[in-house]
Every structure is written in C-alpha cells, then in structure tokens.
Amino acid sequence: MQEKNDDYILHMKNIDMFFPGVKALKDATFNLKKGEIHSLMGENGAGKSTLVKVLTGVYQKTNGTIEYDGRLIEPKTPLESQQIGISTVYQEVNLCANLTVAENIYIGREPRGKLGQIDWATMNANAKKLLHEEMGIDIDVTKVLNFYPVAMQQMIAIARAVDTQCRILILDEPTSSLSDKETERLFAIMRKLKAQGISIIFISHFLEQIYTICDRVTILRDGVYIGEYDLKDLPRIQLISKMMGKEVREDDIESNVDKSVPEETDVIAFDHVTVPGKVKDLTMNIKKGEVIGLGGLLGSGRTEIAETMFGIMQKTNGTIKIDGTEVSVKSPMDMMMKRIAFCPEDRKVQGIIGDLSVRENIILAMQAKAGMFKHMPRSKQNELADYYIKLLRIKVSDREQLIKNLSGGNQQKVIIARWLATEPNLLILDEPTRGIDVGTKTEIEGLAVKLAKENRMSVVFISGEMGEMVRTCSRVLIIRDHEKITELNGEEISTAHIMQAIAGDYHGHA
Amino acid sequence: MRKFFSNLVASPMFSFYVTGLLFIILFGFGSVSFEGFFSPQVFLNLFIDNAPLIIVTVGITFTILSGGGGIDLSVGAVVSLTCMTLAVLMRDTTLSPYVCMPLVLLIGIAVGLINGFFITFFKLQPFIVTLGTMFLCRGLTAMLSRDSVGISNEEYGNLAFTSFEIGDCFISLGACIALVVVVIATIVLRYTSFGRGVYAIGGNEQSARLMGLRVDRIRLAVYVISGFCAALGGIAYSWIMLSGYTLHGLGMEMDAIASSVIGGTQLMGGVGFIPGTVLGVMIQGTILTIISFQGTLSAWWTKIVVGILLCLFIVMQAIVTEHRNKLMNLKAESSGKKAPKKA
Ligand SMILES: Nc1ncnc2c1ncn2[C@@H]1O[C@H](COP(=O)(O)OP(=O)(O)O)[C@@H](O)[C@H]1O
Ligand SMILES: [Mg+2]
C-alpha cells in the first residue's frame, strides 16, 4: 500500500454479495478517507445501496474484508454498525410512520428519567431544538410522523443520523425529495461535520450536487468497482462515460435515419408541467410523425415523463395539450381514449400476463378501451391477432401459444402489438429493446421509424443506449435530475453529443 | 371548528375517545333504563366479572401491536390448560396453591416461548403458529381430564373469595390483579424502550431493524408476555370457576381480539392503547349487564351487538386512516407548491 494507511477510516476490499439470482457486487472496492465527503456513483442498480448495506450489516457479504479504523469488522446487524460509529440514512425512508417525530429521532437512545423511564418532555424538547438548530425546521414534534410530507420525513431521518455520535455518516440519495433550500441546509451540515473530521458517504444522482459538495468519487457499474477519483481531476463527461461504460468518441456517428424534423402539428405539448419530485417544469412538444428520444441516465426521470404523458402520474402545475386542446388527465384510461399508448419499461412486471395466450394479450388494451363487458367476436380477435403477428413478425407456433413461453424479444413485440391495436396517435416505448437479441432489436428500432414515417404516428423512444437513439430519433430531449437540459435536433444527434449533453457540457442550439 | 374536528379525527387517540364515549353512552343508557343500574357496584362488577378477559386482552394486544400479522390464538386454550392444571395439581398432589400458581405461569411462558420462537426464527405466520399451539393446549387439557375437575383446596378457595371493600362496595382479588396488569402494561408500553419498540416494529419492521432495534427479541418477548398474561388470566378464571374443564375459555381469544379492536387497536399493528382495550372489554360487559337487567333477551344478543360494533369500528378505522392520508397529501401538495394552504 502506497498511501499512509492512517489517512483512511475504511477499506472495503474484494466485496462479493449475492441476491438470489443476482450478483449485486462483484469484487467491489471502497476506500474512505478521514474527514472527506466521498460520493458513490453508478446508474440505478449498480450496487451503491447494496455496498452501503453490506457495510452497515443489513446484508452479509459472501466474500471480502472490511477494515474499519485499523481493524477488521464483520457487522451482522444495523445495530452493530451504529454502535461502532457508522450512522446511516438509507435510501428508502427508514422511519416508523406511526411514531411521533421526536421518537423517530431518539428511538433506541431515548433520554431517561430518574426511574429509568423514557423522559418524554426532555425528548420532545431535544427533538425540537435539534430540528430547529440543525435543519432550520420548526414543527410539532409530538405529532406522528406520517402527518408530514416525505421531504420533511427525509429531513427528520437526516436529523436522526447526524445527531448520533458517529465517525462515518452515510447518506443514500437523501436529496431526491428535497427542495434546493433544504439541500443547502443539508450541505451546510455536511460541511460542518466534515470540519469535525467525520467522513461522509454521499450518494446522489445529481451531478451538480456531487461536484459542489464531494471531494472524491468511487464509481460502480453492474456491481463492479470501476475506480476512484478526485472529483477536481475528473471532468463530468468522463464521470458519465465511466458510469455508463462507454468511451466517448467524437466520430461516433451511426445514423441511418432521415433526420429531418417534420413540419407538422403538435400531437402533445407540455407547458411548464410539474409533478412534485418527478418532473420539473417541463416544456416540450411532440410533432406528428416524428420519433423523439428521451435521453439521460437511469433514474434521471425519463420514465416519469412518459408516465405523466400517459396519465399514470398527475401534474400539479402547468398544462398539457393534445392536438391543440388542453386536457385534464386523471388516469391512463383518459389518455388511452386520447389515443396515446404506453409500453412500460419492465414488461415482466407491468406488461405481459404470462398465462394468457398471444391473442388475448394482444386484444387486452383494446378490450380495456372498449369497456370490459363489451364482447369482441372471436373471429375479429383472431383476425387482429394474426394481422399483428404477421406485421411484427412475431415468432409463435400459433396465436393461442402462452406468452410466457415466448422469447423476450417476441414478448416485447406482443406488447407493442397490443398497443398498436388501439390505433394510437402517440406511442411511447420505454426501453423497448432491453434484454433483447440484436436481430429483434434492429427490427423494433426499424418499426419505430416506419410507424412514424409511413403511418404518421408519433413515437417516443426511451433508451439508455445512445446508439439506439442515434439510429432512430430525429429529436432527442436530454433529461437530467428530472429536468429537461436541452434538445438535440437532426444532425446534432450523436453518441458523443448526447453524452456531453447529459454531462452538461453541450448545450445544442435549441 | 372544522379544523378542530379534522385534527381530532387525525389524532392517534381518536379511537380511544370514541370508545370512551361509547362506553359512557351505553352505561348511561343502562342507568336511565333500569332501576339500580347506576351504582358503583355495577361498575365494579364489570371488572370483577371480566378480570380474566381483561388480563388476556392486555396480552393479546401486545401481539397485535407488534404487527406483521401478530395475533395469539392460543390464549383461550392456555386459560383452559391453566385451570385444568391447577385443578389436577391440587386434587392429586399436596402442593400448596402458592407453588401451583407459579408453575402454571411457567406453562404460559413456555407456550409463549414456543409461539415466539417459531414466529421469529422460522418467520412463520403468527396465525398458523398460535392456531397450532391452541390445538396443542386444548388437547393437553383433555389429556389431563375429559371431565370437569373441581377445585376444593381450602386455601385456594379463600384466595378466590378474597375481596377488598371500597366504601359500600367491594372488588375481588382477580379484578385488582387485572387493574395492576393494565397499569403495568400501560406504563411498559409508554415509558420503556421495549414498549416503544413494540410500536416501532408494528409500524414498520424494516425501519425498526435499520434504526438498530432488536426486532426479533422484541417480537419474542411479545409472545412470551401474551402467554404469561393468558396463564395469569387463567388463574383469575379459576378463581371464578373453581374448576378445570376442557371447554373453559372457549372462544376467549376471539372476545379478546374483539375487545382490543373495539378499544382502538389496529389489526395492522403499531397503533393501540391499553386503557382503550380495557374499555373494549367493559363495553362488552356493559352490554351483557344491560341484557341481564332487561331480563327477557338471550345473552347471545351480546354477541350480535359486539359483532355489529366490531364492523363499525373496523370501518371507522378505515375512514380515519383515509382521512389522515388525505390530510397528509394536502400538506404534501401545499408544501410542494411552496404556497400556504388555504384556510
Ligand atoms: N433485496 C433485494 N433482493 C434481490 N435483488 C436485489 C435486492 N436489492 C437490490 N437487488 C439487486 O441488486 C442490484 C443492485 O441494487 P442496488 O444496490 O439497490 O443499486 P443502486 O443503489 O446502485 O441503485 C440490482 O440489480 C438490484 O435489482
Ligand atoms: Mg440505491
């Protein structure tokens, strides 16, 4: 080892961690210096939270060593890690909604009275003081927690963590539901703790925040340690490319589409649309007959935008216009009636119904649109199913085959067929090619383009694979931290530009 | 005014207030309708007659509070096993009652340990595990004797008839013990880490674990307490019955659950208040008293009324929860917009 060892409070080495069927961490490494703020970065599912939970004893590693303050530790429970000075705010809110605010802060270490009884008066007073002084919030701490909104609960969780005497403070995506002002508060606290020599692990998807507050970063990808860097030596574009595992090449242009943006009317237009915590002040439009891409890292808010378009999430601010007229949307059914279709990201969970046949899966959305009790003649069903099986070249033995027995790519085609059967004007495809073989992938990409060019359908294409966007889209909206950063048009669209735009180094011309 | 009402409904004590009000209404109704109903002794009789049920209900409330489908169906059977064991021990041995009673308490603790062990360490459903021990205990009771066994030990009889005078009225030893149990349980749940831990794991077990609580230990203890209370309730029951019989305490677990729920305990766990559950028992007792004063109605009417009340209370809980969520969403929205909420 070259560095002086006593600069470090923590070394995690060769960490392996299995979930049933998933290897969440593969030979991961993590080193934390004393008194630094260290970011852990990686796309969703990269294993950040899992690494943290291995450290705090929520999960048990299958392999590797954890050296804390010069000695090897094997934390078995969260309690053990707390006792040795590791304090954590986990990603999912980890408080009890049925207890009061004060209890949530002090449970397990309540102030005691003379007889050893819990001293509620002191506890409430302390809680009030702590929240006021550290977080700048004044609330009734004797109310039960679920009386308060999520952002407040998050602040309370942070208060609990910073109040315990600790040497390492872990914050796993604490800012995702916080406003700018609250985030500033948190940063002030973090700086103060850092000055006291406490090490902080800070996980966030917000690049701005990482570069503002952190000293160093460790990057994980698919559970693998990619490297650790001083943030001041690491340009954003490099950080992004390391997270995504793609080198940036300037000549990375792989276009095969006509990039002209059609001069047509808007199918859907968002004007300053906001969904709290999900979509930030989004203004955009989609024209008839175009393929528009939503680009950004996993977890940047692409799916949320799609879900807002489809009425799964409701805006609190702004207006949505469809074909030029303002609409109020209460449910996906409203949007289906307005001829919008949505193929969700995770087809296993949200899309296919495995024990139904291909035919039944195809007519499902149509049936829902027509009303559950309206009967569709069997001959019509057969006709439709056969039509789409042929159109999309779905490989089935016959239309009555159970969908669970198809390959992933063919399942995906069935889902697309299901929505095409509703004859939409706008088709939203969220990660339509994930986990699909290359051949089918190309077919689906081609289909998107064909639907737009030939059928004048508008297609929203969401993909984490930039090459795919380059191949299909004539316009790409770049989303970061739930916000539209910029738009790329026509010939501007290239892998390099998209990555630069995500990193915030490219601002396009739009 | 509306705001006051809205806050009242959202307050965690709302169920308790409603139960209290209901008790007062029922007792008031009895007092107005029947001569001699409104007397301190009638009130104290509620404790005297229901002492075993109160004790058992306190125990079962711990298990319901601890969440995760927490329930203890074995309590009625433990009551029966306790009575029978006491009766047989005193018939066949020369052991002093003061030795027999701790022994049966140990049996209760053992049953609680078995329940808790299977529920915590094998992650089995409390419903199934305690259903199993329920059959086990009933079976063991029948093994001891199929027939009713009387308790004729003089010392024990004296204990059973011990009573304390309060002014013109009196209260039995069993009722006193029930009151002590209620007070202790209330204090434990309110003023000890263990007690708060019970609420925490009932609210969100995962969170409680992440906050560093010893979830398994707490859960195990909860079932031991329930077993202990069931045995103690069994002793109180034997003071009333002075016998052991396989059908003693039949369906008592259901009465206890009903009392607990009417008293404001949420079956989901994490919400409940011991004095409320005592009121739940008293409400059932009051209905029975009213029916006996009335004279012509069958005692089964109690069950009918309790059944209706149970449904009403479950509906009320759902409405209250809904109301709370609505309040919260309102808040979330107004804070999301950063605009003050309209009055
Ligand atoms: N409790 C769990 N059971 C099974 N798989 C899990 C569990 N938690 C996480 N995973 C999987 O482990 C991987 C890493 O997840 P996680 O650590 O949560 O990622 P991150 O925090 O970086 O977004 C993912 O593939 C995820 O699906
Ligand atoms: Mg995570």
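Chains as they are written, first to last, in our numbering: chain A, 384 to 893; chain B, 44 to 386.
Using N, Cα and C, we set each Cβ at its ideal position, and we do this for glycine too.
Practice task
Kindly indicate if chain B contains any beta-carbon less than 8 Å away from that of residue 402 of chain A.
Solution key: no
Handout entry: Straight-line Cα distance separating residue 225 of chain B from residue 232 of chain B
Key = 11 Å
Practice task
Quick one: residues with CB closer than 6 Å to any heavy atom of ligand 1, in chain order, please.
Solution key: A:402, A:405, A:407, A:425, A:427, A:428, A:429, A:430, A:431, A:432 and A:433
Handout entry: Segments assigned alpha helix (DSSP H), at least 4 residues, entirely inside the stretch 427-462 of chain A
Key = 431-438
Exercise for the section: Examine ligand 2 and report whether any of its heavy atoms sits within less than 7 Å of the Cβ of residue 474 of chain A. Expected result: yes
Problem - Residue from A:721, A:697 and A:811 with nearest C-alpha to residue 713 of chain A - result: A:697
Practice task
Report yes or no: is there a C-beta of chain B within less than 8 Å of the C-beta of residue 808 of chain A?
Solution key: For residue 808 of chain A, the answer is no, since every Cβ of chain B falls outside 8 Å of its Cβ.
Exercise for the section: Could you check if residue 793 of chain A is buried or exposed, using at least 16 other CB atoms within 10 Å of its CB as the buried criterion? Expected result: It is buried - the Cβ of residue 793 of chain A has at least 16 other Cβ atoms within 10 Å.
Problem - Range covered by the alpha helix (DSSP H) that runs through residue 248 of chain B - result: 248-253
Handout entry: Host alpha helix (DSSP H) of residue 195 of chain B (start-end)
Key = That residue, residue 195 of chain B, is in no alpha helix (DSSP H); it is neither H nor E in DSSP.
Practice task
Please go through the same chain and pick out, in chain order, the residues whose beta-carbon is closer than 6 Å to the beta-carbon of residue 354 of chain B, but skip the five residues on each side of it.
Solution key: none
Handout entry: Best match in B:216, B:368, B:258 and B:191 for proximity to residue 95 of chain B [C-alpha to C-alpha]
Key = B:216
Handout entry: Residue environment, residue 595 of chain A, which counts as buried when at least 16 other CB atoms sit within 10 Å
Key = exposed
Problem - Backbone CA spacing between residue 419 of chain A and residue 431 of chain A [nearest angstrom] - result: 18 Å
Practice task
Kindly say whether residue 254 of chain B, judged by its beta-carbon, lies nearer than 8 Å to any beta-carbon of chain A.
Solution key: yes
Exercise for the section: Return the chain-ordered list of same chain residues with a C-beta closer than 8 Å to the C-beta of residue 632 of chain A, the five sequence neighbours on each side being excluded. Expected result: Summary for residue 632 of chain A: the model assigns pLDDT 48, below 50, so the residue's position carries little reliability, and this model does not support an answer.
Practice task
Would you list, in chain order, the members of the stretch 465-493 of chain A that have their beta-carbon closer than 7 Å to a beta-carbon of chain B?
Solution key: 465, 473, 477, 478, 479, 480, 481, 482, 486, 490, 491 and 493
Problem - residue 555 of chain A Cβ short of 7 Å to ligand 2 heavy atom set - result: yes
Practice task
Run the CB neighbour count on residue 860 of chain A, radius 10 Å, all protein chains shown included, and call it buried at 16 or more, exposed below.
Solution key: buried
Problem - Euclidean distance between Cα positions of residue 380 of chain B and residue 369 of chain B - result: Reliability of the predicted coordinates at residue 380 of chain B is poor, the pLDDT of 39 falling under 50, and no value is obtained from them.
Exercise for the section: Measuring alpha carbon to alpha carbon, tell me which of A:854, A:473, A:471 and A:441 ends up nearest residue 460 of chain A. Expected result: Nearest C-alpha to residue 460 of chain A: A:441.
Exercise for the section: Would you kindly report the start and end of the unbroken alpha helix (DSSP H) that includes residue 880 of chain A? Expected result: 878-886
Problem - Residues near residue 340 of chain B in its chain [Cβ-Cβ closer than 6 Å; skip 5 each side] - result: Around residue 340 of chain B: 334.
Practice task
On a CA-only basis, which of A:841, A:743 and A:592 is nearest residue 797 of chain A? Give me that one, please.
Solution key: Residue A:743 is the option with its Cα nearest to residue 797 of chain A.
Handout entry: Per-residue burial, residue 403 of chain A [other beta carbons within 10 Å of its own, 16 or more giving buried]
Key = exposed
Exercise for the section: Under 7 Å Cβ to Cβ from residue 558 of chain A, same chain only, skipping five residues before and after it: list those, please. Expected result: 566, 569, 587, 589 and 592
Exercise for the section: Assign residue 203 of chain B to buried or exposed, taking buried as 16 or more other Cβ atoms, counted over all protein chains shown, within 10 Å of its Cβ. Expected result: buried
Handout entry: N- and C-terminal bounds of the alpha helix (DSSP H) containing residue 571 of chain A
Key = 563-578
Handout entry: Close beta carbons around residue 718 of chain A, own chain, < 8 Å, minus the five adjacent residues each side
Key = 692, 693, 694, 712 and 725
Problem - Neighbour list for residue 500 of chain A in chain B, Cβ cutoff strictly below 8 Å - result: 230, 234 and 235
Practice task
Assign residue 343 of chain B to buried or exposed, taking buried as 16 or more other Cβ atoms, counted over all protein chains shown, within 10 Å of its Cβ.
Solution key: exposed
Exercise for the section: Mark residue 50 of chain B as exposed unless 16 or more other C-beta atoms lie within 10 angstroms of its C-beta, in which case mark it buried. Expected result: exposed
Practice task
Could you have a look at residue 603 of chain A and say whether DSSP puts it in helix, strand or coil?
Solution key: Residue 603 of chain A falls in the strand class under three-state DSSP.
Practice task
Please classify residue 390 of chain A: does DSSP put it in a helix, a strand, or coil?
Solution key: helix
Exercise for the section: Answer with yes or no whether the minimum CB distance from residue 569 of chain A to chain B is below 8 Å. Expected result: no
Exercise for the section: Using a threshold of 8 Å, state whether the C-beta atoms of residue 106 of chain B and residue 115 of chain B are closer than that. Expected result: yes
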